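Colleague:
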Amino acid sequence: MPSISISRESETRVKADITVNSEEMRPAEEQALKKIGSQAEIKGFRKGKAPAHLIKAKFASDIRLETLFGLVDQHIGDVEKKIEERVYRLVRIEDVQEKGDKLSFAVKIDLFPYVKVGKLKAAQMTRHFANIDESDIDAEIKDRLVRYAEYPDSDAATATAEKNDKLTVDFEIWVDDAPSGEVNKDFVFDLGSGTLSRELEQQIAERKGKVGEEFKLKKDIPAQQDGAPRSYEIIATIKKIQKPKLPELTDAFVAEKFKGSSTVAELRARVRTDLEKRFNIALVRSETDKALKALEEGAQFFLSESFVDQKLEDFLKERNMDKAEVTGPQLEGLRKALGDREKPGLLMRQLINDAEKYHQKKNKTDETYIGAFKRYIREEITAFEGQNEKTDALLAELDATVDSMIAGENRQSPWESLVSSYLTVFSRDFLFRYFDDEGIVKKGKKMPYKELSEQLAASAPAENAGA
Numbered sequence: 001m002p003s004i005s006i007s008r009e010s011e012t013r014v015k016a017d018i019t020v021n022s023e024e025m026r027p028a029e030e031q032a033l034k035k036i037g038s039q040a041e042i043k044g045f046r047k048g049k050a051p052a053h054l055i056k057a058k059f060a061s062d063i064r065l066e067t068l069f070g071l072v073d074q075h076i077g078d079v080e081k082k083i084e085e086r087v088y089r090l091v092r093i094e095d096v097q098e099k100g101d102k103l104s105f106a107v108k109i110d111l112f113p114y115v116k117v118g119k120l121k122a123a124q125m126t127r128h129f130a131n132i133d134e135s136d137i138d139a140e141i142k143d144r145l146v147r148y149a150e151y152p153d154s155d156a157a158t159a160t161a162e163k164n165d166k167l168t169v170d171f172e173i174w175v176d177d178a179p180s181g182e183v184n185k186d187f188v189f190d191l192g193s194g195t196l197s198r199e200l201e202q203q204i205a206e207r208k209g210k211v212g213e214e215f216k217l218k219k220d221i222p223a224q225q226d227g228a229p230r231s232y233e234i235i236a237t238i239k240k241i242q243k244p245k246l247p248e249l250t251d252a253f254v255a256e257k258f259k260g261s262s263t264v265a266e267l268r269a270r271v272r273t274d275l276e277k278r279f280n281i282a283l284v285r286s287e288t289d290k291a292l293k294a295l296e297e298g299a300q301f302f303l304s305e306s307f308v309d310q311k312l313e314d315f316l317k318e319r320n321m322d323k324a325e326v327t328g329p330q331l332e333g334l335r336k337a338l339g340d341r342e343k344p345g346l347l348m349r350q351l352i353n354d355a356e357k358y359h360q361k362k363n364k365t366d367e368t369y370i371g372a373f374k375r376y377i378r379e380e381i382t383a384f385e386g387q388n389e390k391t392d393a394l395l396a397e398l399d400a401t402v403d404s405m406i407a408g409e410n411r412q413s414p415w416e417s418l419v420s421s422y423l424t425v426f427s428r429d430f431l432f433r434y435f436d437d438e439g440i441v442k443k444g445k446k447m448p449y450k451e452l453s454e455q456l457a458a459s460a461p462a463e464n465a466g467a
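In UniProt numbering, the protein residues as written are 1 to 467.
1. For Ala106, which residues in the same chain have their Cβ closer than 6 Å to its Cβ, ignoring the five residues on either side in sequence?
2. Taking residue 474 and Leu312 to be in contact with their CB atoms under 8 Å, please state how far apart those CB atoms are, rounded to whole angstroms.
3. Please look up how many angstroms separate the CB atoms of Asp170 and Lys185, rounded, as I've assumed it's under 8 Å.
4. Measure the alpha-carbon distance for Asp190 versus Lys208 and round it to whole angstroms.
5. In terms of residue numbering, what span does the alpha helix (DSSP H) encompassing Ser417 cover?
6. Which partner residues does Val20 have in the DSSP bridge list?
7. Name the two residues that bound the continuous beta strand (DSSP E) containing Pro448.
8. Flag this pair as touching only if the region 151 to 166 and the region 226 to 245 have three or more C-beta atom pairs under 8 Å; answer yes or no.
9. For Lys293, which residues of its own chain have a beta-carbon under 7 Å away from its beta-carbon, when the five flanking residues on both sides are left out?
10. Can you tell me which of Ser306, Ser135, Pro179, Leu347 puts its alpha carbon nearest to the alpha carbon of Val289?
11. Give the single residue among Phe253, Lys218, Ala123 whose Cα lies nearest to the Cα of Ala149.
12. Confirm, please, whether the CB-CB distance from Ala299 to Val115 is below 8 Å.
13. Use the C-beta contact count for Arg411: other C-beta atoms within 10 angstroms, 16 or more gives buried, fewer gives exposed.
14. Looking only at DSSP bridge pairs, what is Asp190 linked to?
15. Under three-state DSSP, which class holds Asn410?
16. Sort Arg319, Lys257, Lys218 by Cα distance to Ala178 and report the nearest one.
17. Taking the Cβ atom as the reference point for each residue, do Val264 and Asp251 lie within a distance shorter than 8 Å?
18. Quick check: the Cα distance between Gly408 and Lys81, rounded to an integer number of angstroms?
19. Is the separation between the beta-carbon of Lys216 and that of Glu233 shorter than 8 Å?
20. What residue from Ala123, Ala60, Asp78, Ser22 has the CA that sits closest to Gly439's CA?
21. What first and last residue would you give for the beta strand (DSSP E) that runs through Ala50?
22. Are three or more beta carbon pairs between the region 367 to 384 and the region 417 to 428 nearer than 8 Å?
23. Going by C-alpha to C-alpha distance, which of Lys445, Thr195, Arg92, Asn21 sits closest to Asp101?
24. Mind checking Glu9: buried by the 16 CB within 10 Å criterion, or exposed?
25. With Phe301 and Pro113 assumed to form a contact (beta carbons below 8 Å), what rounded beta-carbon distance in angstroms separates them?
26. What number of angstroms, rounded off, separates the C-alpha of Ser413 from the C-alpha of Ala205?
27. Residue range of the alpha helix (DSSP H) that Thr382 falls in?
28. Please name the residue in Glu29, Lys323, Arg86 whose C-alpha comes closest to that of Ile63.
29. Could you spell out where the beta strand (DSSP E) holding Ile42 opens and where it closes?
30. Could you give the residue range of the alpha helix (DSSP H) that holds Ser135?
31. Using only CA atoms, which one of Glu199, Lys163, Lys364, Thr126 lies nearest to Lys443?
32. State the beta-bridge partners of Phe112 as determined by DSSP.
33. Roughly how many whole angstroms lie between the Cα atoms of Ser193 and Val175?
Listed below in C-alpha cells is the structure:
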C-alpha cells in the first residue's frame, strides 16, 4: 500500500503527499509505456511497432508524466477514503522525487462543493390540514367532466369568458415595441390551460372578456449584452367564445368513463381523497421550499475554484462568448452569479443526504434516498394501475429511467418528465418528514382547499412571458 499523508490548504483544496515503491509503480509504468508506444513514431519502424527500449529512450519524459497520472488515478480512491470527501478535480502534480526504489509526489486536488447547514430551527414550518367541502368536490368533478363536453357556439353579444371555455382569438407578439412575426389567426385554446399565457388567460377570466375585446400583457425580459432594456407583449382579441355543455353525471356514465368508480357516490369519495392528497402535496412543497430559502440564508457554501471555473466555461460556451472579450470585473461578477446559482441545488442535496442518514437510522434500514424514491414510484403506479404484467413492464422502464438520469446518461426516454414530476413531489415530502422529526414543523389549522390555492397563487413567481 502507498504511503499517503494529507494537508488541507483551504476549505475546498487538499494536498496529498503520496509515496509508492517500485512494485506499486510497475503497473502504472507498463500501462504508460503501452499507451505512449501505441502512438510512437520512430524512423525505421511502423507507428506503434518500435521496441520498448527505443520508446523509453525517446519518450522518457512523456512516459514519466503518464506514469504519474496513472498513479494518481490508481490511488485517488485511497485519498477520498482518507479525507472522507469526494475529489472534484486534479489541480496539479508537484514535488516529484525519486529515492532508491521509491517515488514520492504531491497532488493538489479540489473537492466537490459542500455545505455546512446552519440550525434547522431557522426554518419554521406549518402543517395545515385539508378541509374539503362539497363545493370543492363539485368544482373538481366539473373540471373532470369538461373533457367529455361539447362546445356549441355562444351568443357573441352576451357571452363572457370563464374558466374552461373554449376561446378562439387572434394574437400577435411584440418585442421591444415592434411586431415579431405574423398575426396568429384563429388560435383555439381552453381558458385556464395556460396554452396562450397563464397570466393573460387569468386577466381574460377575471375581466370576463367578451367577443371583440382586446387584451394585452406586457413584460420586461432580461437585457442582452448591451444592457438595453427589453420588453415582450402579447396582444389578443377574442373572436369566439364556446361554453362547455357538460354530460349528465349518472352512475352509468361514471362506470363507463371514470376508472375505479362505478357510482356517483364512489366518484365523489374518490375526488375527496384526491383533493386531500393534492392539498397535502401542494402544502408540503410550499412549506419545504420556504424552509429551503430560510436555511440558505444561514448556510455556509464552499465551492472550489475549479468548480466555479467549470461553470464559467460552460456558461460562455453555451452563449458562444470568447473569454478574452469579457473584462475582469465582468468575469468576477459572472463567477459570483454562477456560484450563487448553484447554492439552492447544493443545499438541497446536502439536506437530502442528511435526511437519508436519518431515515436509515430511524427505520433501521440501509434503504437509500434513491431506493425510497423508486419504492414511492412503485406504490403510486400500482395504486393507480393495479398489479399486472403491464404495470410491471412500466415499473421496469421507470426504474431504468431513474438509473440513467442519476448516471447523467441521455436515453431520451419518454418517461423522464414523469420521473422528474414524481421526484419533485417525493424530494419535498422526504425533507418535510425529516424536518417534522427534527421538531421544526408545527401543527396548523383545518384550511379550506380554496384558501390554500389562493395562498399558493399569491406566493408563486410571476410568469416569465415569452419563455
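All residues carry an ideal CB built from backbone N, CA and C; glycine is no exception. Please read all numbers here as calculations on a predicted model, not as lab measurements.
Modeller: The short version:
1. Your numbering for residue 106 matches position 106 in the sequence shown. Once the five neighbours on either side are set aside, the close Cβ partners of Ala106 are Lys15, Asp17, Glu94, Asp95.
2. In the structure as shown, the chain starts at 1 and stops at 467, and residue 474 therefore has no counterpart that could be examined.
3. Position 170 of the sequence shown, counting from 1, holds the residue named residue 170. Position 185 of the sequence shown, counting from 1, holds the residue named residue 185. About 5 Å; that satisfies the 8 Å criterion.
4. On the sequence shown, position 190 is the one that residue 190 refers to. On the sequence shown, position 208 is the one that residue 208 refers to. Approximately 14 Å between the Cα atoms of the pair.
5. For this step, residue 417 is matched to residue 417 along the sequence shown. Note, Ser417: alpha helix (DSSP H), 416 to 437.
6. Numbered from 1 along the sequence shown, position 20 holds the residue referred to as residue 20. Answer is Leu103, bridged to Val20.
7. What you label residue 448 is simply residue 448 of the sequence shown in a count that begins at 1. Counting along the chain, the beta strand (DSSP E) containing Pro448 begins and ends at 441 to 448.
8. yes
9. Stepping through the sequence shown from its first residue, residue 293 is reached at position 293. Correct list: empty, nothing qualifies.
10. Taking the sequence shown and counting its residues from 1, one reaches residue 289 at position 289. The sequence given here has Asp at residue 289, not Val. Answer by Cα proximity: Leu347.
11. Numbered from its first residue, the sequence shown carries residue 149 at position 149. The residue with the shortest Cα to Cα distance from Ala149 is Phe253.
12. Taking the first residue of the sequence shown as position 1, residue 115 is located at position 115. Taking the first residue of the sequence shown as position 1, residue 299 is located at position 299. Against a cut-off of 8 Å, the Cβ pair of Ala299 and Val115 comes out as a contact.
13. Within the sequence shown, numbered from 1, the residue matching residue 411 stands at position 411. Per the 10 Å Cβ criterion, exposed.
14. Stepping through the sequence shown from its first residue, residue 190 is reached at position 190. Looking at the DSSP assignment, Asp190 forms a beta bridge with Lys166.
15. As a working mapping, residue 410 is identified with position 410 in the sequence shown. Here Asn410 sits in coil by DSSP.
16. Working through the sequence shown from its first residue, we reach residue 178 at position 178. Cα-wise, what sits closest to Ala178 is Lys218.
17. Locating residue 264 in the sequence shown gives position 264, where the first residue counts as 1. Locating residue 251 in the sequence shown gives position 251, where the first residue counts as 1. Closer than 8 Å, so yes.
18. Counting from 1 along the sequence shown, the entry for residue 408 is found at position 408. Counting from 1 along the sequence shown, the entry for residue 81 is found at position 81. Their backbone Cα atoms lie some 24 Å apart in a straight line.
19. As a first step, residue 216 must be located in the sequence shown, where it is residue number 216. As a first step, residue 233 must be located in the sequence shown, where it is residue number 233. Against a cut-off of 8 Å, the Cβ pair of Glu233 and Lys216 comes out as a contact.
20. On the sequence shown, residue 439 is found 439 positions in, with the first residue counted as 1. Nearest C-alpha to Gly439: Ala123.
21. For the purposes of this step, residue 50 is taken as the residue at position 50 of the sequence shown. Taken as a continuous stretch (DSSP letters only), Ala50 belongs to no beta strand (DSSP E), as it is neither H nor E.
22. yes
23. Mapped onto the sequence shown, residue 101 falls at position 101. For Asp101, the nearest C-alpha among the options comes from Asn21.
24. Here residue 9 is taken as the residue at index 9 of the sequence shown, counted from 1. It counts as exposed.
25. In the sequence shown, the residue the question calls residue 301 occupies position 301. In the sequence shown, the residue the question calls residue 113 occupies position 113. Yes, they are in contact, since the Cβ atoms of Phe301 and Pro113 sit about 7 Å apart, within 8 Å.
26. If you number the sequence shown from 1, residue 413 lands on position 413. If you number the sequence shown from 1, residue 205 lands on position 205. Each residue's alpha carbon lies about 37 Å from the other.
27. Indexing the sequence shown from 1 puts residue 382 at position 382. Note, Thr382: alpha helix (DSSP H), 369 to 385.
28. The residue you call residue 63 lines up with position 63 of the sequence shown. Of the candidates Glu29, Lys323, Arg86, the one whose C-alpha sits nearest the C-alpha of Ile63 is Glu29.
29. Within the sequence shown, the letter at position 42 stands for residue 42. That residue, Ile42, is in no beta strand (DSSP E); it is neither H nor E in DSSP.
30. The residue you call residue 135 lines up with position 135 of the sequence shown. Element bounds for Ser135: 134 to 145.
31. Taking the sequence shown and counting its residues from 1, the one referred to as residue 443 is at position 443. For the residues Glu199, Lys163, Lys364, Thr126, the minimum Cα distance to Lys443 belongs to Thr126.
32. As a first step, residue 112 must be located in the sequence shown, where it is residue number 112. Note: Phe112 sits in no beta bridge, so no partner.
33. Along the sequence shown, read from residue 1 onward, the residue named residue 193 stands at position 193. Along the sequence shown, read from residue 1 onward, the residue named residue 175 stands at position 175. Using only the alpha carbons, I get a separation of about 24 Å.
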